[in-house]
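Chemist: In the UniProt record's numbering, the protein residues as written are 1 to 84. Below is one structure. I have some questions about it.
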């Protein structure tokens, strides 16, 4: 792996976790809309579960690996993302 490239080549960071972050933000916005001022453990778990189920799917995982250029492996795609 080229130096300083792990953030580019980690497919779940590239794809799924950014989707999870967005989906969780939407869940929090729904709670705020329903007049929740803060999120307790009781509200967190269902909100996170819904966000997780919406974002961490087989299709999104496959897209993440493809987007990182790892499956199928595409050296040109990987290198094009490096700022060298």
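Where is the CB? At the ideal position from N, CA and C, for every residue including glycine.
#1: Quick check on DSSP: helix, strand or coil for residue 36?
#2: Do residue 63 and residue 72 have their C-beta atoms within less than 9 Å of each other?
#3: Output the distance between the C-alpha atoms of residue 76 and residue 82, rounded to the nearest integer angstrom.
#4: Let me confirm a value: residue 149 is counted as buried when at least 16 other C-beta atoms fall within 10 Å, else exposed. Which label applies?
#5: At the level of alpha carbons, what is the spacing between residue 28 and residue 15?
#6: Could you please give the first and the last residue of the uninterrupted alpha helix (DSSP H) stretch that includes residue 75?
#7: What span of residues does the alpha helix (DSSP H) with residue 46 cover, start to end?
#8: What are the residues that DSSP puts in a beta bridge with residue 70?
#9: Within the same chain, show all residues whose beta-carbon is closer than 7 Å to that of residue 31, passing over the 5 residues directly before and after it, in chain order.
Modeler: In terms of the structure at hand:
#1: Numbered from its first residue, the chain shown carries residue 36 at position 36. The three-state reading of DSSP puts residue 36 in coil, since its state is none of H, G, I, E or B.
#2: For the purposes of this step, residue 63 is identified with residue 63 of the chain shown, where counting begins at 1. For the purposes of this step, residue 72 is identified with residue 72 of the chain shown, where counting begins at 1. No, the Cβ-Cβ distance between residue 63 and residue 72 is not below 9 Å.
#3: Translated into positions along the chain shown, residue 76 becomes position 76. Translated into positions along the chain shown, residue 82 becomes position 82. Distance between the alpha carbons of residue 76 and residue 82: 10 Å.
#4: Outside the shown range of the chain, which is 1 to 84, sits residue 149, and nothing can be said about it.
#5: For the purposes of this step, residue 28 is taken as the residue at position 28 of the chain shown. For the purposes of this step, residue 15 is taken as the residue at position 15 of the chain shown. So the two alpha carbons sit approximately 20 Å from each other.
#6: Counted from its first residue, the chain shown places residue 75 at position 75. Segment 75-80, the alpha helix (DSSP H) holding residue 75.
#7: What you label residue 46 is simply residue 46 of the chain shown in a count that begins at 1. Here the alpha helix (DSSP H) through residue 46 covers 41-55.
#8: Here the question's residue 70 lines up with position 70 in the chain shown. In DSSP, residue 70 forms a bridge with 73.
#9: Along the chain shown, read from residue 1 onward, the residue named residue 31 stands at position 31. Excluding sequence neighbours, residue 31 sits near 39, 43, 47.
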